[in-house]
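Notes for the one structure printed next.
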Amino acid sequence: MPPYIPGFQFTARQHRPPNDYGMKTMRLRVSDVLRVGDGWAAQLILVQEIKTTGFEVEMGPKLLAKLFDAKYLQPPFQRIDYARKQYKRECAAYRHLRLNHLQEYIPEFFGSWSTRIVDSRGQERSVRMILTEYIRGHDMEHLRPSDFTTRERKEIMRQALAAETKFYACNFRHQDFFPRNVMVTPALEIVIIDFGLASTHRSPSDVYSSRDTDLLEGRYISPILRWWRSDDQIKRDPWMVSGWITWDWNQWLVDTWRSDIPDITADMLKWVVPSERNRSFFQRLFRDDRREPRSVPPSSHTQTIVRQSFRYDTVELEWLHDPGRCSRCSCCDGRH
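Just remember that our numbering sits 43 ahead of the position in the sequence shown, which is counted from 1.
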């Protein structure tokens, strides 16, 4: 049984992967348990900092602690290696998204930490951890779509796709972007969570033109293209069968992001499944043969930010992209 129960206290030291320790330490107390036990990629608990001033003891606000404790992972994983990779991906994701000014779509990040946990036999182990804001709400997988009006569901989906599209514009791929990883607050605002499978560069697997290696790094790609679905895809896409979407999906994409249409160029069609490119919408879009693909570089601000993020990945997270990993496998933070 994990020791992460209400009342349990431990000390965490500031840490940045791969092995950079800071001077700051925190004494934390578990206030609530969200998800602990065997088989999870991470243990989720709520903690409060114990602040002592003289004889006064003050408890800080509740934060979400995500502990990557390899002890509770199940084979066939290389448990310690897998836990460390999940931790590093999460750290890289939060720093990359904050660097690109996208923190409004994610929990507030309170840093990465390392702690020492002693088990019931007195054996001590090192456990990595991140601290984030505790989001009061529920993930979309555990909400009932029927409790929301069509208008509310459309607005929730619009926010979710807008966030994911902005992530991709700075070359960030969540790679586990499903209803279970989109939180909805009581104010019907969305927050994206769980970045253990994320990568900070684009991949040829993103497009349907395997020979085309130009992935337009740093360019905004409209949801009209990246989220367009064929009839066959609609039948099996987890989003389409989730119960949240009860309207004409592709038409809604066009209606919602109509302002993107003038900036869609032929070199962006690689994000659309080939059979769909013959649809009348795309035929009309490019029926003027004089409309050539434009090469529009990102702003200098975006170029600088993306370059900094790449350097961080290259030095510390060269394994970050794993094209062979299934986004629906049992290791996806345990929530399917």
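Backbone N, C-alpha and C define an ideal beta-carbon position, used for all residues, glycine too.
Measure from the alpha carbon of residue i to the alpha carbon of each residue in the options, then state which is nearest.
| i | options | result |
| --- | --- | --- |
| Y137 | F191, Q91, F210, T95 | F210 |
| S323 | A203, V297, Y115 | V297 |
| P222 | Q57, D249, A230, P281 | P281 |
| S380 | R216, Y177, D291 | Because the chain spans 44 through 379 in this model, residue 380 falls outside it and cannot be assessed. |
| Q218 | V234, E232, G239 | G239 |
| A203 | T175, R179, E232, H185 | E232 |
| S285 | R194, L186, G50, T208 | L186 |
| R78 | K109, H144, P104, E99 | K109 |
| I178 | L328, L89, W295 | L89 |
| G261 | I288, E176, G165, A212 | A212 |
| L145 | E319, T228, N214, N321 | N214 |
Residues in its own chain within less than 7 Å of residue i by CB, not counting five upstream and five downstream?
| i | result |
| --- | --- |
| N1 | What the structure shows of the chain is the stretch from 44 to 379, and residue 1 is not part of that stretch, so it cannot be assessed. |
| P317 | Y251 |
| S253 | P247 |
| S352 | With a pLDDT of only 34 at S352, under 50, the local geometry of the prediction cannot be trusted, and the value read off the model is given with reservation. The answer, listed in chain order, is H139, L142, T243. |
| T299 | R201 |
| G195 | It is Glu, not Gly, that sits at residue 195 in the sequence shown. L231, listed in sequence order. |
Just the C-alpha distance for residue i and residue j, rounded to the nearest angstrom, thanks.
| i | j | result |
| --- | --- | --- |
| M226 | K94 | 30 Å |
| E151 | L87 | 16 Å |
| L107 | I173 | 8 Å |
| F325 | L259 | 20 Å |
| F111 | D81 | 12 Å |
| I48 | S189 | 35 Å |
| M392 | S246 | The structure shown does not extend to residue 392, since the chain is modelled only from 44 through 379, so no value can be given for it. |
| R330 | P305 | 14 Å |
| G154 | K67 | 11 Å |
| T96 | V315 | 60 Å |
| P45 | A84 | 13 Å |
| Y130 | T256 | 30 Å |
| Q117 | S163 | 19 Å |
| Y64 | C134 | 14 Å |
| Y263 | A309 | 14 Å |
| G180 | V76 | 16 Å |
| V100 | R201 | 45 Å |
| R327 | D303 | 15 Å |
| E184 | A205 | 19 Å |
| I288 | D275 | 16 Å |
| N321 | D124 | 46 Å |
| G165 | T158 | 15 Å |
| R59 | A126 | 15 Å |
| E176 | D182 | 15 Å |
| A113 | F98 | 37 Å |
Identify, in the order they occur along the chain, each residue of the same chain with its Cβ nearer than 6 Å to the Cβ of residue i, setting aside the five sequence neighbours on each side.
| i | result |
| --- | --- |
| N224 | I236, D237 |
| M102 | Q91 |
| M283 | I277 |
| R354 | Note that R354 scores a pLDDT of 29, beneath 50, so its modelled location is shaky; the value from the coordinates is reported in the next line. Contacts found: none. |
| I160 | R168, V170 |
| R301 | none |
| T228 | G180 |
Less than 8 Å between the CB atoms is what I'm expecting for residue i and residue j, so what's the real figure, rounded?
| i | j | result |
| --- | --- | --- |
| W156 | A241 | About 19 Å separates the two Cβ atoms, so there is no contact after all. |
| I307 | S265 | 6 Å |
| R70 | Q52 | 7 Å |
| V234 | Y148 | 7 Å |
| C220 | E207 | The displayed chain sequence assigns Phe, not Cys, to residue 220. Contact holds; Cβ gap of about 6 Å. |
Is residue i helix, strand or coil by DSSP?
| i | result |
| --- | --- |
| R330 | coil |
| F152 | strand |
| R70 | strand |
| I93 | strand |
| E260 | coil |
| M283 | coil |
| M44 | coil |
| K128 | helix |
| D243 | The question names Asp, but residue 243 is Thr in the sequence shown. If DSSP states are grouped into helix, strand and coil, T243 belongs with coil. |
| D182 | strand |
| F324 | helix |
| A18 | No answer is possible for residue 18: the residues shown for the chain start at 44 and end at 379. |
| Q218 | coil |
| Y115 | helix |
| L268 | helix |
What residues in its chain sit with their C-beta under 8 Å from that of residue i, if we drop five residues either side in the sequence?
| i | result |
| --- | --- |
| W290 | T193, K197 |
| L268 | I307, M311, L312, W314, V315 |
| G50 | R72, V73 |
| R122 | A113, K114, L116 |
Under a CB-based cut-off of 8 Å, is residue i close to chain B?
| i | result |
| --- | --- |
| I236 | Among the protein chains of the structure shown there is no chain B, as only one such chain exists. |
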